[in-house]
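Trainee: Numbering of the sequence shown is given in the UniProt record's numbering, commencing with residue 1 and proceeding in unit increments.
We put the beta carbon where it would ideally sit given N, CA and C, even for glycine.
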Amino acid sequence: QQIWSSDDENKDKEQDGSNDVQEQTIGFSVKNAVLFPPEVEKGRWPDDYSLSDHARLTVVFSPIRMPCSQMIC
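(1) Determine, using beta-carbon pairs with one atom in the stretch 54 to 71 and one in the stretch 24 to 43, whether at least three such pairs fall under 8 Å.
(2) Among the residues of its own chain, which have a CB less than 6 Å from the CB of E41, if the five just before and after it don't count?
(3) From residue 91 to M66, what distance separates their C-alpha atoms?
(4) Name the two residues that bound the continuous beta strand (DSSP E) containing S62.
(5) With DSSP as the reference, please indicate the residues paired to Q24 in a beta bridge.
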């Protein structure tokens, strides 16, 4: 398993001598999101649930590279 490090990538760019590269950051894109029980997605609460029960949200994220704004970087 490999873990990405922004420091390692920046060192490689500095060694290449490319100073005109726009800074980037890692963000996340939602590939899929599902509520359980499925009735909740339609705005209905199952009869066997009480209002204090919580709907479970399962999300699959995908990492994406995105331009870095001055406020973030």
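Mentor: Taking the definition as stated:
(1) Three or more Cβ pairs closer than 8 Å define a contact, and the stretch 54 to 71 meets that threshold against the stretch 24 to 43.
(2) Counting only Cβ-Cβ distances below 6 Å, and skipping sequence neighbours, we find L35.
(3) The chain is shown only over 1 to 73; residue 91 falls outside these bounds and no answer can be derived.
(4) In the DSSP assignment, S62 falls within the unbroken beta strand (DSSP E) covering 56 to 67.
(5) Answer is P67, bridged to Q24.
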